[in-house]
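Undergrad: This structure is in structure tokens; I'll ask about it shortly.
Residue numbers (full-length UniProt numbering): 1 to 357.
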């Protein structure tokens, strides 16, 4: 998702400066909790590893977005440093592109699991999930490696003039548009097709269960519902962004353009792009809410995680109480065995008289 500085309308600037921080504030704690929960022992199935990788990627993207917004939107030039200038886009862009690929990976796994169940044991394993995750990271890093050449440190961190030659049909524009269409259009469309096939197969299996059991069908696996919800939400947020960016060339303004109609179309396009861009990045922040709504086991693990400090406190208090009552019991038993020096046995006082417990 190629971000650009939008300063044409005050509304555009406000959207770019203040909406993104709100999304980041919501997304950071959500992704941290999601990562912790998906790495819990009973959540570490193959789909859980994909969702943990997705949460980690989204978390890194939001953190890097803070740096990008400070530099690009608030114009505090913290990236005007040699090496950092060239390295930042090579790291930042992959975090954007990895999210759709991780969704594609677990959607493919779910498709195999539902539509080709006899191949599930071969392809839907934790080991294979780890291999796919690492492979996708390497693949996307290679795709984004040219960005290290495109940016250079001159007086400030900027694009090389050679990659901007022929603007708007420059090497840089063609590269970024191609990447955006590939990652935010082609990949989501593939996910959409597989989701449709999964839903069709699930409906067929549900009808078969109803006919065989002569009763209500069994519930769809909670993980499948969660994965479908996450993938559909990403589709609905990325496709509009892709559509807007495909129209980029239609609204480019040549330097020195003075026609008010052309300028108004350009400004309006930038405003629409700013709104859709903010909507598009919500899938990096709001997956946590989807997990809570659709995932019963996720809610249970979240509850256990949040209550764990109180559970430890309760155990500590219980041990202290047990130790105290045990000491009182020993003292009472000792008092019953006390013998006076003149050989006369004394009856101890009742327990109720000796303690307030």
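All residues carry an ideal CB built from backbone N, CA and C; glycine is no exception.
Determine the closest residue to residue 150 out of 234, 83, 206 and 139, with distance taken between C-alpha atoms.
TA: Looking up residue 150 in the chain shown gives position 150. Measuring from the Cα of residue 150, the nearest candidate turns out to be 83.
Undergrad: Thinking C-alpha only, which one of 73, 238, 180 and 45 is nearest residue 127?
TA: Here residue 127 corresponds to residue number 127 of the chain shown, with the count starting at 1. Among 73, 238, 180 and 45, the Cα nearest to that of residue 127 belongs to 45.
Undergrad: In whole angstroms, what is the alpha-carbon distance linking residue 10 and residue 172?
TA: Residue numbering aside, residue 10 sits at position 10 when the chain shown is read from its first letter. Residue numbering aside, residue 172 sits at position 172 when the chain shown is read from its first letter. The straight-line gap from Cα to Cα measures roughly 27 Å.
Undergrad: Taking contact to mean 3 or more Cβ pairs, one atom from each stretch, closer than 8 Å, check whether the segment 17 to 29 and the segment 282 to 293 are in contact.
TA: They touch, by the three-pair rule.
Undergrad: Can you tell me where the alpha helix (DSSP H) holding residue 273 begins and where it ends?
TA: As a first step, residue 273 is located in the chain shown; it is residue number 273 there, counting from the start. Note, residue 273: alpha helix (DSSP H), 260 to 280.
Undergrad: Counting C-beta neighbours from all protein chains within 10 Å, is the total for residue 38 16 or more, i.e. buried, or is it exposed?
TA: The residue you call residue 38 lines up with position 38 of the chain shown. Per the 10 Å Cβ criterion, buried.
Undergrad: Just grab the DSSP bridge partners of residue 151 for me.
TA: Indexing the chain shown from 1 puts residue 151 at position 151. Note: residue 151 sits in a beta bridge opposite 159.
Undergrad: Write down the C-beta distance between residue 35 and residue 55 rounded to the nearest angstrom, noting that I regard them as a contact closer than 8 Å.
TA: Stepping through the chain shown from its first residue, residue 35 is reached at position 35. Stepping through the chain shown from its first residue, residue 55 is reached at position 55. Contact flag correct, Cβ pair sits at about 4 Å.
Undergrad: What are the uninterrupted segments assigned as beta strand (DSSP E) that are 3 or more residues long and contained completely in the segment 87 to 173, given in chain order?
TA: If we require 3 residues or more, the beta strand (DSSP E) runs fully inside the segment 87 to 173 come out as 151 to 153 and 157 to 159.
Undergrad: Tell me the residue span of the alpha helix (DSSP H) that contains residue 33.
TA: In the chain shown, residue 33 corresponds to position 33, counting from 1. Start and end: 10 to 38.
Undergrad: Report the rounded CA-to-CA distance for residue 106 versus residue 120, giving the unit in angstroms.
TA: Against the chain shown, residue 106 aligns to sequence position 106. Against the chain shown, residue 120 aligns to sequence position 120. Their Cα atoms are separated by approximately 13 Å.
Undergrad: Mind the definition here: the segment 137 to 144 touches the segment 90 to 97 only if three or more C-beta pairs lie below 8 Å; say whether that holds.
TA: With the cut-off at 8 Å, the segment 137 to 144 and the segment 90 to 97 touch.
Undergrad: Who are the near neighbours of residue 194 in its chain, counting only those whose CB is closer than 7 Å to its CB and skipping five residues on each side?
TA: As a first step, residue 194 must be located in the chain shown, where it is residue number 194. Answer for residue 194: 107, 108 and 111, listed in chain order.
Undergrad: Answer yes if the segment 174 to 192 comes into contact with the segment 227 to 247, meaning at least three C-beta pairs across the two stretches below 8 Å, and no otherwise.
TA: With the cut-off at 8 Å, the segment 227 to 247 and the segment 174 to 192 touch.
Undergrad: Along the alpha helix (DSSP H) that carries residue 69, what are the first and last residues, could you check?
TA: Looking up residue 69 in the chain shown gives position 69. Note, residue 69: alpha helix (DSSP H), 46 to 72.
Undergrad: With a threshold of 8 Å, are at least 3 pairs of Cβ atoms found where one atom belongs to the segment 173 to 184 and the other to the segment 236 to 256?
TA: Segments in contact, yes.
Undergrad: Taking the alpha carbon of residue 148 as the reference point, which residue from 103, 87 and 72 has its own alpha carbon closest?
TA: Here residue 148 is taken as the residue at index 148 of the chain shown, counted from 1. The shortest Cα separation from residue 148 among 103, 87 and 72 belongs to 87.
Undergrad: Buried or exposed: residue 103, going by 16 or more other Cβ atoms within 10 Å of its Cβ?
TA: In the chain shown, counting from the first residue as 1, residue 103 sits at position 103. By the 10 Å Cβ count, residue 103 comes out buried.
Undergrad: Rounded to the nearest angstrom, what separates residue 159 and residue 135 at their Cα positions?
TA: The residue given as residue 159 occupies position 159 in the chain shown. The residue given as residue 135 occupies position 135 in the chain shown. Each residue's Cα considered, the two are about 29 Å apart.
Undergrad: By how many angstroms is the C-alpha of residue 70 removed from the C-alpha of residue 52?
TA: Here the question's residue 52 lines up with position 52 in the chain shown. Here the question's residue 70 lines up with position 70 in the chain shown. Rounded to whole angstroms, residue 52 to residue 70 spans 28 Å at the Cα level.
Undergrad: If I measure Cβ to Cβ from residue 19 and keep anything under 6 Å in the same chain, skipping five residues before and after, which residues do I get?
TA: On the chain shown, position 19 is the one that residue 19 refers to. Closer than 6 Å at Cβ, skipping near neighbours: 278.
Undergrad: Grab me the residues of residue 80's own chain with a C-beta within less than 6 Å of its C-beta, minus the 5 sequence neighbours each way, in chain order.
TA: Taking the first residue of the chain shown as 1, we reach residue 80 at position 80. Counting only Cβ-Cβ distances below 6 Å, and skipping sequence neighbours, we find 156 and 157.
Undergrad: Buried or exposed: where does residue 249 fall if 16 or more other Cβ atoms within 10 Å of its Cβ makes it buried?
TA: The sequence position of residue 249 within the chain shown is 249, counting from 1. Exposed: under 16 other Cβ atoms inside 10 Å.
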